[in-house]
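The opening position of the sequence shown corresponds to residue 193 in the working numbering, with each subsequent residue numbered one higher.
Every residue gets a Cβ at the ideal spot worked out from N, C-alpha and C, and that includes glycine.
See structure below.
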Amino acid sequence: MKIGSWLHRPLTTWRNLHPGQQHLLTRLGLTRDTNPFAPDRSTHRTFEETVQLIELFLHRERRAPTARETITGDGETVRIGPWFAETRTRHRSTAPGSSTPLTNA
Numbered sequence: 193m194k195i196g197s198w199l200h201r202p203l204t205t206w207r208n209l210h211p212g213q214q215h216l217l218t219r220l221g222l223t224r225d226t227n228p229f230a231p232d233r234s235t236h237r238t239f240e241e242t243v244q245l246i247e248l249f250l251h252r253e254r255r256a257p258t259a260r261e262t263i264t265g266d267g268e269t270v271r272i273g274p275w276f277a278e279t280r281t282r283h284r285s286t287a288p289g290s291s292t293p294l295t296n297a
């Protein structure tokens with residue numbers, strides 16, 4: 193049995209565990225706070241914050257980010273290239289003469 197498969201259920205359903213089970217897992221250093229299966233807490237930046245990251249990138253690299261490029265900002269890796277490409281696509285699709293504007297999903 194793979195340990196990851198076994199650990200997934202108790203760590204993702206921590207509240208449903210018996211207190212004795214929680215205690216045993218805690219003694220092993222495994223808690224809901226140290227759960228490697230918890231979804232990442234992603235930060236949602238405002239449009240202005242993302243534009244500031246692009247400005248910093250442009251100043252440092254003296255070029256626009258490519259579609260698959262990442263940069264390090266705020267202590268984490270930011271996928272600025274895909275955001276930039278999507279924003280450009282949305283702008284083009286809502287430009288005058290465009291038949292179907294994209295909506296925020």
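Own chain partners of residue i with C-beta closer than 6 Å, once the 5 adjacent residues on each side are dropped
{"i": "A297", "result": "Confidence in A297 is poor, its pLDDT being 46 and thus under 50, which makes the residue's placement too unreliable to answer from."}
Enclosing alpha helix (DSSP H) for residue i [first to last residue]
{"i": "W206", "result": "Element bounds for W206: n/a, residue is neither H nor E."}
Closest residue to residue i among the options (Cα-Cα distance)
{"i": "A256", "options": "D225, R280, E240 and T223", "result": "R280"}
{"i": "R207", "options": "I195, R219 and T223", "result": "T223"}
Chain-order list of residues whose beta-carbon lies under 7 Å from that of residue i (same chain, five-residue window excluded)
{"i": "F249", "result": "P257, I263 and I272"}
{"i": "W198", "result": "none"}
{"i": "P202", "result": "L209, Q213 and L217"}
Could you tell me which uninterrupted alpha helix (DSSP H) segments, each at least 4 residues in length, are contained entirely in the stretch 218-283, listed from first to last along the chain? 239-253
Pair every Cβ in the stretch 267-276 with every Cβ in the stretch 244-254, then say whether three or more of these pairs are closer than 8 Å. yes
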